[in-house]
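Have a look at the structure below before the remarks.
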Amino acid sequence: MAHTPGSDGCTGQRRHQRGAALLVALVLLSVMLMLGLSSMSNSAIEERMAANQRAHVLAYNEAEAGAGGLFRRLQNGEALGGGTPPRDLLSALQAIEAATMPVLTDCDSTQQQKRNALQSARETLAEELGENQSGSWQTGINAHGESAWELVPYPDVVLSLDEAACEETGNAPSPYLPLADNEAAVWVVSQGRYGQEGAWAQRSVRTLIRLAAAESGSAVNGLMTCEGVAVLGSGIIDSYDSAEGAYGGTNQRKANALVSSQVHQDPSDPRFDPLDGSYREEQAAVYLQGSSPIYGRVESAGGVAMTGSAEIHGDTVANASVYIKGGGAHLYGDMNAVSTVVLASSGRVHGNVRTNDRIVTQNWSAWIGGDATTSEFVSVRTPQDQVGGALSLRPGGAGVDAVASVATPSECDSLGFGDASTDPVLLLDAAGVVSGGPLDVTNGNKDYRLDAAGFHRLDSKGLAETRLGRAPVEVELTDGRESLAVKFDDFSLGGSNTITVGSPGSPVDMVLYIDGSTNLGGGSRFVISEGSTLQMVTTGAFNLGSGLVLGDGKPSKTVDGKVVPIFSLYSSHDDGDAANGVIIGGASAFYGQIVAPFSTMDVTGSGGFFGAANVDNAVIRGAGGFHFDERFLDMRIAPPGGAGNAVTPHLEAWGETL
Numbered sequence: 001m002a003h004t005p006g007s008d009g010c011t012g013q014r015r016h017q018r019g020a021a022l023l024v025a026l027v028l029l030s031v032m033l034m035l036g037l038s039s040m041s042n043s044a045i046e047e048r049m050a051a052n053q054r055a056h057v058l059a060y061n062e063a064e065a066g067a068g069g070l071f072r073r074l075q076n077g078e079a080l081g082g083g084t085p086p087r088d089l090l091s092a093l094q095a096i097e098a099a100t101m102p103v104l105t106d107c108d109s110t111q112q113q114k115r116n117a118l119q120s121a122r123e124t125l126a127e128e129l130g131e132n133q134s135g136s137w138q139t140g141i142n143a144h145g146e147s148a149w150e151l152v153p154y155p156d157v158v159l160s161l162d163e164a165a166c167e168e169t170g171n172a173p174s175p176y177l178p179l180a181d182n183e184a185a186v187w188v189v190s191q192g193r194y195g196q197e198g199a200w201a202q203r204s205v206r207t208l209i210r211l212a213a214a215e216s217g218s219a220v221n222g223l224m225t226c227e228g229v230a231v232l233g234s235g236i237i238d239s240y241d242s243a244e245g246a247y248g249g250t251n252q253r254k255a256n257a258l259v260s261s262q263v264h265q266d267p268s269d270p271r272f273d274p275l276d277g278s279y280r281e282e283q284a285a286v287y288l289q290g291s292s293p294i295y296g297r298v299e300s301a302g303g304v305a306m307t308g309s310a311e312i313h314g315d316t317v318a319n320a321s322v323y324i325k326g327g328g329a330h331l332y333g334d335m336n337a338v339s340t341v342v343l344a345s346s347g348r349v350h351g352n353v354r355t356n357d358r359i360v361t362q363n364w365s366a367w368i369g370g371d372a373t374t375s376e377f378v379s380v381r382t383p384q385d386q387v388g389g390a391l392s393l394r395p396g397g398a399g400v401d402a403v404a405s406v407a408t409p410s411e412c413d414s415l416g417f418g419d420a421s422t423d424p425v426l427l428l429d430a431a432g433v434v435s436g437g438p439l440d441v442t443n444g445n446k447d448y449r450l451d452a453a454g455f456h457r458l459d460s461k462g463l464a465e466t467r468l469g470r471a472p473v474e475v476e477l478t479d480g481r482e483s484l485a486v487k488f489d490d491f492s493l494g495g496s497n498t499i500t501v502g503s504p505g506s507p508v509d510m511v512l513y514i515d516g517s518t519n520l521g522g523g524s525r526f527v528i529s530e531g532s533t534l535q536m537v538t539t540g541a542f543n544l545g546s547g548l549v550l551g552d553g554k555p556s557k558t559v560d561g562k563v564v565p566i567f568s569l570y571s572s573h574d575d576g577d578a579a580n581g582v583i584i585g586g587a588s589a590f591y592g593q594i595v596a597p598f599s600t601m602d603v604t605g606s607g608g609f610f611g612a613a614n615v616d617n618a619v620i621r622g623a624g625g626f627h628f629d630e631r632f633l634d635m636r637i638a639p640p641g642g643a644g645n646a647v648t649p650h651l652e653a654w655g656e657t658l
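So for the sequence shown, full-length UniProt numbering puts the first residue at 1; every next one is plus one.
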């Protein structure tokens, strides 16, 4: 049967559907293309967003690095931009805060007054620091990164101008950071940027830095020596507080003195080993003989030897051996020793004993009241019977930390001597103080006065009659106070003569520079009138054989919130093989401070020493003793010029994003 075109239904359907699949495929491809293009666009956007985020993170890192770099410069004492040292920055900030804070914290101040105070603070800082108020852009820690900083006055962004606090409580907003008298604070606003020029990512952080005038020089803690201390006879070392009155009664035998040495004594040296036949107890860095007691802490870079009925009322630490010999020898406190502790008799330690080596008891009655920690306990009886607390035997001992020490006397802290910027002798020479020749007032019965007019012999009416030496020269004292200085060669005072520094109602701060030896003897008197101070600087030996009288009966006083000695002796004299360079003898008493890093100080007789001392060696003998004035705990030894630009910075708030 024949078929005609179009008569077959199937053939007709195929003819009508031809090209539909292609159209569907094109539609699907278009959709996929759109999705692909959209995905690519989103990826590009996300990539750019990630790059921007990374750039901003790196910019933030740059900002923090800029602030950190400035902080490190302040730590190292470097000048800002090469022009403003940290000390000057501290002074400028203190002046700004002193002028601004009272206005901001006063509820009676108006909003406009507060705004004016803040604006004035900004202008004053800009004027004081000039171009050093900000740092130029510096290459940063990342490639294509850099940072710059600017100093902003502390009150500027700390205190709110809102008066709500005053209305609610009657009190103005408190400062963010309370500051002491020797402190100031400053905000560092550091800006960091990263990327290509014209397309920088930028971030800023604000960091609060507190600056404090650093304590320079050596601490004044009691009787501090280079090589050691010997306490002989019945001399006593203790402390008292001159602010509570004169020494005596309840104001004595306080245990706040520090007795210390710097030169290390090798425990293996037979001279310092009590178990060796060559042991020399008197050569121990801290040596107590007879009935001499110490009230305070002992820090010996060498050994400690106690004989007879000697006592230590306080904790003790020693780098070499500790030797307790004599039935009456007692240590009231803890004993820490790097080397051997030997109880050669019935002496006792009432506290704990810790040693890295051995504990050796050579007497049946020797006793330790507290715990004993050691590597070995050698006893004439059962060790537990000689220890009141727990006995612990450990390999290597108790792990006692050694006292900081030096190997030889030449390495001891010279307290600024020898340095042109801190040596009192060199500074006085540089100030142009010229000698008036030797000062000899050993004959007769005359009165002399040292004051702003110079050194004069007085007539019968107490008026200046004849000037001895030259006119005073203005100099700077160890604590920065302005003073007047006169210079002489060897100085001798004797007979029945009296020298008075200043006068009642007319106090002075004087420096007496003696380029030679000083001898104060006979029945003479050396009086420092009330309110006056005297600093004696000498290159020679000092011998006190007469009475030193202070107008207010104290070794120290407070001036502008700072403790200063009423009388101080600075000596560059080096004993060498000669006699002791500083002698406090007879019935005379010394009130004040002695700084003689190269001399032995010998306190003998019944007068005694009241104050503080830093010397090479100290010998305390007789009945006078050494009585540390606790007022000196509030000061440090800082020779003239020693403070420099010393400033200690502290981070108070770090990385606050702006």
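In this text, a Cβ means the ideal position worked out from N, Cα and C, and glycines have one as well. Values in this document were obtained by computation on a predicted structure and should not be read as measured data.
Go through the segment 245-284 residue by residue and report every complete run of the beta strand (DSSP E) that reaches 3 residues or more, in order. 257-260
Taking the CB atoms as reference points, tell me whether S346 and S375 lie closer together than 8 Å. no
Buried or exposed, going by whether 16 or more other CB atoms sit within 10 Å of the CB of G555? Residue identity differs from the one stated: residue 555 is Pro in this sequence, not Gly. The residue in question, P555, is buried, as its Cβ has 16 or more Cβ neighbours within 10 Å.
Quick check on DSSP: helix, strand or coil for Q289? coil
Would you tell me roughly how many angstroms separate the C-alpha atoms of Q94 and N336, rounded to the nearest one? 45 Å
Inspect the beta-carbon positions of P153 and R122 and report whether they are closer than 8 Å. yes
Identify every run of the alpha helix (DSSP H) within the segment 38-105, keeping only runs that are complete inside it and at least 4 residues long; order them along the chain. 86-104
What three-state label does DSSP hand N132 in the structure shown? helix
By the three-class DSSP mapping on this structure, what secondary structure does G308 have? coil
Nearest-angstrom Cα distance between V239 and N445? The sequence given here places Ser at residue 239; Val does not occur at that position. Rounded to the nearest angstrom, the two C-alpha atoms are 37 Å apart.
Please state whether the Cβ-Cβ distance between I324 and A344 is less than 8 Å. yes
What is the rounded straight-line gap between the Cα of C412 and the Cα of D459? 48 Å
Backbone CA spacing between I359 and G277 [nearest angstrom]: 18 Å
Segments assigned beta strand (DSSP E), at least 3 residues, entirely inside the segment 362-399: 372-374, 376-378, 391-393
Might you give, ordered along the chain, the residues of its own chain that have their beta carbon closer than 6 Å to the beta carbon of G644, omitting 5 neighbours on each side? Low confidence applies here, because G644 scores a pLDDT of 49, under 50, leaving its location unreliable; read the following figure in that light. So no residue of the chain qualifies.
Applying the criterion that 16 or more other CB atoms from any shown protein chain within 10 Å of the CB defines a buried residue, is V647 buried or exposed? buried
Might you give, ordered along the chain, the residues of its own chain that have their beta carbon closer than 8 Å to the beta carbon of A407, omitting 5 neighbours on each side? V263, H264
Among R470, A431, G516, whose alpha-carbon lies nearest the alpha-carbon of E476? A431
Enumerate in chain order the residues of its own chain whose CB-to-CB distance from V286 is below 7 Å, with the five nearest sequence positions on each side excluded. G228, V229, V259, S261, V298, S300, V304
Using beta-carbon positions only, say whether H144 and G195 come within less than 8 Å of one another. yes
Can you list, in chain order, the residues of its chain with a C-beta nearer than 6 Å to that of V342? Leave out the 5 residues immediately preceding and following it. P274, Y323, V360
Beta-carbon proximity of G389 to D371, cut-off 8 Å: yes
For the beta strand (DSSP E) containing P153, name the first residue and the last one. 145-153
Please state whether DSSP places V24 in a helix, a strand or coil. helix
Please check the pair V486 and Y513, which I expect to be a contact at CB under 8 Å, by giving their CB distance rounded to whole angstroms. 7 Å
If you draw a straight line from the alpha carbon of G351 to that of E652, how long is it in whole angstroms? 41 Å
Taking the Cβ atom as the reference point for each residue, do A213 and L125 lie within a distance shorter than 8 Å? no
Bridge partners for residue 665 per DSSP, in chain order? This structure does not reach residue 665, given that the chain is present from 1 up to 658, and the question cannot be answered.
Chain-order list of residues whose beta-carbon lies under 7 Å from that of N52 (same chain, five-residue window excluded): A201
Own chain residues within Cβ distance below 8 Å of T539, not counting five before or after: V425, I514, D515, G516, S571, S572, H573
Mind checking who E474 pairs with in its DSSP beta bridge? L484
Check R115 in the structure and name its three-state DSSP category. helix
Counting Cβ pairs, one atom from each stretch, are 3 or more of them under 8 Å apart for the segment 611-618 and the segment 530-545? no
Taking 8 Å as the threshold (C-beta atoms), are V380 and A362 in contact? First, the residue type needs correcting, since residue 362 is Gln and not Ala in the sequence shown. Yes, they are a contact pair.
Whole-angstrom Cβ separation of Q133 and P649, contact assumed at under 8 Å? Actually they do not touch by this definition, with Cβ atoms about 17 Å apart.
Would F598 pass as a contact of V220 if the rule is Cβ separation under 8 Å? no
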